[in-house]
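Enquirer: Shown below is the structure under consideration.
In my numbering, the protein residues as written are 302 to 465.
Here's what the structure looks like:
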């Protein structure tokens, strides 16, 4: 059975889909995404995730069967609109099948179109999937290890071409 993956910008009406996504994320996945043991997903936080201006803050989702199963986002840094922090999360059941790459590729495209020149991320040192994806898509990324995490900095223009 082939499932169609729809990659699209997040919308405010995704709020219930995000609420349903939360319990499908393992404690480990939530920890890797938020760098802390997050047990609750307050509605005010969900609203912040789904209400973006698609410029200073952007998010794209992977939707399968009407449910959000992954999200990639950037938030421009205050005082430096050419730099944005990125984050990606994919539901555990869909990890390892290329959804993170698909989401990040779309996010890189949108960031480049909107004048983002540099992306930053904080990735736990043992998160090999995320580190591998960043190395493949952003081969010139600079990774600096500190206290069990990598501070990642990469030029958007250096993104590797994606093979389909």
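Beta carbons: idealized from backbone N, C-alpha and C, even for Gly.
Do residue 457 and residue 430 have their C-beta atoms within less than 9 Å of each other?
Expert: Position 156 of the chain shown, counted from the first residue, corresponds to residue 457. Position 129 of the chain shown, counted from the first residue, corresponds to residue 430. For residue 457 and residue 430, no; Cβs fall outside 9 Å.
Enquirer: Just to confirm the assignment, what range does the beta strand (DSSP E) spanning residue 413 have?
Expert: Taking the first residue of the chain shown as position 1, residue 413 is located at position 112. Premise fails: residue 413 lies in the alpha helix (DSSP H), 400-414, not in any beta strand (DSSP E).
Enquirer: Name the two residues that bound the continuous beta strand (DSSP E) containing residue 358.
Expert: Mapped onto the chain shown, residue 358 falls at position 57. First-last of the beta strand (DSSP E) with residue 358: 358-365.
Enquirer: Which residues does DSSP pair with residue 310 in a beta bridge?
Expert: Stepping through the chain shown from its first residue, residue 310 is reached at position 9. In DSSP, residue 310 forms a bridge with 361.
Enquirer: DSSP has residue 444 in a bridge; who is on the other side?
Expert: If you number the chain shown from 1, residue 444 lands on position 143. DSSP, once it has assigned bridges, lists 453 as partnering residue 444.
Enquirer: Let's test the definition: count the other Cβ atoms within 10 Å of the Cβ of residue 464 and tell me whether it reaches 16, buried, or not, exposed.
Expert: To locate residue 464, count along the chain shown from 1; it is residue 163. Low confidence applies here, because residue 464 scores a pLDDT of 46, under 50, leaving its location unreliable; read the following figure in that light. Residue 464 should be labelled exposed.
Enquirer: Which value, in whole angstroms, describes the spacing of the CA atoms of residue 397 and residue 358?
Expert: Position 96 of the chain shown, counted from the first residue, corresponds to residue 397. Position 57 of the chain shown, counted from the first residue, corresponds to residue 358. For residue 397 and residue 358, the distance between alpha carbons rounds to 26 Å.
Enquirer: Need the endpoints of the alpha helix (DSSP H) that residue 350 sits in, please.
Expert: As a position in the chain shown, residue 350 is number 49, starting the count at 1. Here the alpha helix (DSSP H) through residue 350 covers 344-351.
Enquirer: Hey, residue 371 and residue 404 are a contact pair by Cβ (cut 8 Å); roughly how many whole angstroms apart?
Expert: Reading the chain shown from its first residue, position 70 is the one you call residue 371. Reading the chain shown from its first residue, position 103 is the one you call residue 404. About 5 Å; that satisfies the 8 Å criterion.
Enquirer: With residue 453 and residue 446 assumed to form a contact (beta carbons below 8 Å), what rounded beta-carbon distance in angstroms separates them?
Expert: As a first step, residue 453 is located in the chain shown; it is residue number 152 there, counting from the start. As a first step, residue 446 is located in the chain shown; it is residue number 145 there, counting from the start. The pair is not a contact, with the Cβ atoms about 10 Å apart (cut-off 8 Å).
Enquirer: In terms of residue numbering, what span does the beta strand (DSSP E) encompassing residue 328 cover?
Expert: Here residue 328 refers to the residue found at position 27 of the chain shown. Premise fails: residue 328 lies in the alpha helix (DSSP H), 328-335, not in any beta strand (DSSP E).
Enquirer: What are the boundary residues of the alpha helix (DSSP H) that includes residue 317?
Expert: As a first step, residue 317 must be located in the chain shown, where it is residue number 16. Segment 316-322, the alpha helix (DSSP H) holding residue 317.
Enquirer: How many Å lie between residue 449 and residue 393 at the Cα?
Expert: Counting from one through the chain shown, the residue named residue 449 turns up at place 148. Counting from one through the chain shown, the residue named residue 393 turns up at place 92. In a straight line, the C-alpha of residue 449 is about 22 Å away from that of residue 393.
Enquirer: Below 9 Å between beta carbons: does that hold for residue 306 and residue 400?
Expert: Here residue 306 is taken as the residue at index 5 of the chain shown, counted from 1. Here residue 400 is taken as the residue at index 99 of the chain shown, counted from 1. Yes; because the gap between Cβ atoms is below 9 Å, this pair is in contact.
Enquirer: Is residue 389 near residue 374, with beta carbons less than 9 Å apart?
Expert: Residue numbering aside, residue 389 sits at position 88 when the chain shown is read from its first letter. Residue numbering aside, residue 374 sits at position 73 when the chain shown is read from its first letter. Contact: yes.
Enquirer: Three or more C-beta pairs under 8 Å: does that hold for the region 344-360 against the region 423-440?
Expert: Contact fails: fewer than three Cβ-Cβ distances are below 8 Å.
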